[in-house]
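Going by the numbering used here, the first residue of the sequence shown is number 16, and it counts up by one from there.
To start, the structure under review is shown below, and the notes come after it.
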Amino acid sequence: MTAMGRGGPAGRNHQIAVLVLEGAKPLDVGIPAQVFSHRPGMPYEVRVCGAAPGLVTGGDGLAYHVAEGLEALERADTVFVPGYRTPADADPPAVVVDALRSAHARGTRLAAISTGAFALAATGLLDGKRATTHWHYTGALRARHPLVQVDGNVLFVDEGDVLTSAGAASGIDLCLHLVRRDHGVGLSNEVARRLVAAPYRSGGQAQYVPRSVPEPLGDLFAETRAWALEHLAERLTLDVLARNARVSARTFSRRFVADTGYTPMQWVLRARVDLARELLERSDLGVEQIAHEAGLGTGTNLRLHFQRILGTTPTEYRRTFAP
């Protein structure tokens, strides 16, 4: 993934289409509709559509009345397919599969939440690519679509123009990831604060981790991560973080990887790069000063980590995302 943004044509907000299929799960439908809802400073517009206008029977006793059919996909820059019930029983209607293929051929980005991955897999666009879905359905996805490289132990997978995510909550992570891709870390953090969600969870974080330690320890780790974000300019080592969490360095490191998908020092580095990204977006500070404020030491270190993590330079990043 590079840091370069993506939006609709010049002068137009990025168009999101949420495709509601029979048996659609309510939370999965609501996530992209809520995250990308148009408001001041939010350069997206959302349309909810179905295979045809009218009533769509959903899951969990709910139904949806959609005003548009598949023609909404023709105007979309990104199409979301929420999860739906009994995805392993049959593929979506051929007209839906064809519409998704046609949208992708026009350059539209396709994203699935949970079992929506089955609909994307039915198009053949996931063949030979990594994908994920809710951990309960990974075996069924492998069996029904053996050419898809199913990874059942991650929150989401970004294959560029086709993305998939695990259960409902990871749909929020996927949406925030796309906001970061399109418009930078500053806007993504604003959206996360509005949703009262974690600003960023690694796509490689495990979906389901059996807990072998008391759950309250998770609160301590969350507090330590919050503390670290306020002290990024200072010297942060594994011992310093573990001492703040009041556990041994070994315990801290093991649990931290399970909680975040990163080692503590990898997480600190990415948090520092994120702070540098936001300073590049929202201030006119020079690269050397930003490197100091973010705890990266020198401009040379900042450039090195930007190139390695984001595939771009601080100057190019600022040119792309600064107002």
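Note that beta-carbon positions come from the ideal geometry of N, C-alpha and C, so glycine has one too.
Quick check on the DSSP output: what are the complete beta strand (DSSP E) runs of length 3 or more inside the stretch 55-99, in order along the chain?
59-65, 69-72, 78-81 and 93-96
Exercise for review: Determine, using beta-carbon pairs with one atom in the stretch 131-148 and one in the stretch 192-203, whether at least three such pairs fall under 8 Å.
Suggested key: no
Own chain residues within Cβ distance below 8 Å of isoleucine 187, not counting five before or after
Ile46, Val50, Leu210 and Ala212
Separation of threonine 335 from valine 283, as counted between CA atoms: 24 Å
*Note down, in chain order, each residue of its chain lying with its Cβ closer than 6 Å to the Cβ of alanine 67, except the 5 sequence neighbours on either side.*
Gly84
8 Å Cβ cutoff met for threonine 93 and threonine 123:
yes
Review point. Closest by CA to glycine 201, which one among Gly314, Thr275, Leu295 and Cys64?
Key: Leu295
**Prompt:** Who are the Cβ neighbours of histidine 160 in its own chain at under 6 Å, not counting the five residues just before and after it?
**Reply:** Ala136
According to DSSP, is leucine 135 part of a helix, a strand, or is it coil?
helix
Sub-8 Å separation of leucine 253 and alanine 264 beta-carbons: Going by C-beta atoms, leucine 253 is nearer than 8 Å to alanine 264.
Length of the line joining the Cα atoms of histidine 80 and leucine 300 | 49 Å
| field | Local conformation of aspartate 254 per DSSP, three classes | value | helix
By how many angstroms is the C-alpha of threonine 266 removed from the C-alpha of histidine 198?
37 Å
Going by CA-CA distance only, name the one from Met57, Ser268, Val44 and Glu205 that's closest to tyrosine 99.
Val44
- Would the beta-carbon of leucine 317 fall within 8 Å of that of alanine 286? no
Opposing strand residues paired with histidine 29 [DSSP bridges]
Tyr59
* Asked: To the nearest angstrom, how far is it from the Cα of leucine 125 to the Cα of phenylalanine 171?
  -> 13 Å
* C-alpha distance - proline 102 paired with alanine 207, whole-angstrom precision -> 30 Å
Is it the case that the stretch 142-152 contacts the stretch 114-122, given that we only count it when at least three CB pairs across the two stretches are under 8 Å?
These segments do not touch.
Going by DSSP in three states, serine 117 sits in which element: helix, strand or coil?
Residue state, collapsed to three classes: helix.
Quick one, are the C-beta atoms of alanine 158 and alanine 248 less than 8 Å apart? no
query = Which residue spans inside the stretch 255-298 form an unbroken alpha helix (DSSP H) run of at least 4?
reply = DSSP runs (the alpha helix (DSSP H)) wholly in the stretch 255-298: 264-275 and 279-297.
| Ordered along the chain, which non-local residues of its own chain (more than five positions away) have a Cβ less than 6 Å from that of aspartate 289? | Taken in chain order, the residues that qualify are Val200.
With distances taken Cα to Cα, identify the nearest neighbour of proline 97 among Ala183, Gly175 and Val110.
-> Distances from the CA of proline 97 to each of Ala183, Gly175 and Val110 were compared; the closest alpha carbon is that of Ala183.
### Query
Looking only at its own chain, which residues have a Cβ that is under 7 Å from the Cβ of threonine 328, when we skip the five neighbours before and after it?
Arg318, Phe321 and Gln322
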